[in-house]
């Protein structure tokens, strides 16, 4: 009997999971279906580059998996019925499964309704990044751009815009301290980069209201803003929380060490959809680094469960935190396995090169699911 494996979402973790399973399983053993709303693999870690007009390769999912037995379905998931083991798609199809991998990712956390009285853009998905690109192109010299949020996305977006458009007045609004989760050396380098690029930094200040042409802060001050970019965090896809799956209050699916749902063992979760615990009993943060490790772990767990064997446990540990600060500067922050920073950093052009290699490696791993290796000829012994 062919085992039906359904994978929802073809981001870094979902694509990697599908590729690993395709390389390890024969079509006679398992049917693998990968569902994604977009027809192309999206390099989310490069969307700030796309927003300033740089070329970011498009990779067709069907071409990526053309030499595998993975059936790629381009459609949007509208509901999960994990008790009946069925998934409904926007096009009306209902897909059944024996094993389900949820990798539906996350989206930009929007500003509260009372805050947004003007146009607010994000870089959370390809469509938004393209809209932001068009609006940036329409801004003349001397116009003002305010980036709200001083996390990694905010830093990368602000520096990319300031470097590519030095004629614009770029401000960064941070509710805390810039670089607060970096080492002292890392934070100092980030501050120097912001200063070098002419970015005005407002710390411990929150956006209170966005109006056409300005951002009002909780200090009562107003900042000129012809364009506002919101980067204050991400929210998970709401479908998991609407299902019978056990989820955390943040909407992520609660999983065990092997990425299995704690409430439905036939369901696995990866990437931003999963709340997995790493070193120091700390939940893994939403990131490409976390998603890649989860994809490896989930694929091995699915294979082990099919064989009726214990799943191997891969280290869910961090090594570095990578930040681009434009195309000619970057920061590689060395961290402990639990993601706390060490005072060891790589900066400047070498840091930018290292970050570029990390981005290329992540994209290559997702875009080359079989790693150039043939599917093993041996049959898979599936447990009854």
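Residue numbers (our numbering): 462 to 845.
Beta carbons are placed, not taken as given, at the ideal position from N, Cα and C, and that holds for glycine.
Check                                                                                                                             : Outcome
Contact set for residue 675: own chain, Cβ-Cβ below 7 Å, skip 5 residues either direction                                         : 683, 684, 685, 686
Local Cβ density within 10 Å of residue 766, reported as buried at 16 or more and exposed below that                              : buried
Integer-rounded CB distance, given that residue 563 should sit under 8 Å from residue 734                                         : 5 Å
Residue(s) in a DSSP beta bridge with residue 643                                                                                 : The partner list for residue 643 (beta bridge, DSSP) is empty, contrary to what the question assumes.
Boundaries (first-last residue) of the beta strand (DSSP E) holding residue 464                                                   : 464-469
Other residues of its chain near residue 828: CB distance less than 7 Å, five sequence neighbours each side excluded              : 502, 520, 525
Opening and closing residue of the beta strand (DSSP E) in which residue 616 lies                                                 : Segment 613-625 is the alpha helix (DSSP H) holding residue 616; no beta strand (DSSP E) there.
Sequence-distant residues of the same chain with beta carbon closer than 6 Å to residue 655, five excluded per side               : 662
Contact between the stretch 726-740 and the stretch 751-759 (3+ Cβ pairs under 8 Å)                                               : yes
Reference residue 778; option with closest CA among 746, 807, 788, 786                                                            : 746
Length of the line joining the Cα atoms of residue 709 and residue 743                                                            : 14 Å
For residue 670, the first and last residue of its enclosing beta strand (DSSP E)                                                 : 668-672
Nearest-angstrom Cα separation, counted from residue 819 out to residue 509                                                       : 16 Å
Cβ-Cβ distance between residue 497 and residue 522 below 8 Å                                                                      : yes
Which of helix, strand or coil DSSP assigns to residue 565                                                                        : coil
Unbroken beta strand (DSSP E) run spanning residue 716, endpoints                                                                 : No beta strand (DSSP E) contains residue 716, which DSSP labels as neither H nor E.
Beta-carbon separation (whole angstroms), residue 565 vs residue 482, contact threshold 8 Å                                       : Not a contact, Cβ separation roughly 18 Å.
Start-to-end residues for the beta strand (DSSP E) that takes in residue 634                                                      : 630-635
Enclosing alpha helix (DSSP H) for residue 700 [first to last residue]                                                            : 700-703
Among 637, 628, 826, 691, nearest to residue 617 - alpha-carbon criterion                                                         : 691
C-beta contact flag for residue 695 and residue 570 at 8 Å                                                                        : yes
Where residue 791 falls, given that 16 or more other Cβ within 10 Å makes a residue buried                                        : buried
8 Å contact criterion, which residue 540 and residue 727 should meet: CB distance rounded                                         : About 17 Å separates the two Cβ atoms, so there is no contact after all.
Close beta carbons around residue 799, own chain, < 6 Å, minus the five adjacent residues each side                               : 740, 741, 743
Any 3 or more C-beta pairs closer than 8 Å across the stretch 665-674 and the stretch 641-648                                     : no
Where the alpha helix (DSSP H) through residue 761 begins and ends                                                                : 749-768
Beta-carbon contacts of residue 491 that lie in its chain and below 6 Å, excluding the five residues immediately before and after : 464, 466
Nearest neighbour of residue 610, chosen from 589, 592, 788, 638 [CA to CA]                                                       : 638
Residue environment, residue 630, which counts as buried when at least 16 other CB atoms sit within 10 Å                          : buried
Beta-carbon spacing of residue 589, residue 582 below 8 Å                                                                         : yes
C-alpha distance - residue 753 paired with residue 648, whole-angstrom precision                                                  : 26 Å
Three-way DSSP call (helix, strand, coil) for residue 548 in this model                                                           : strand
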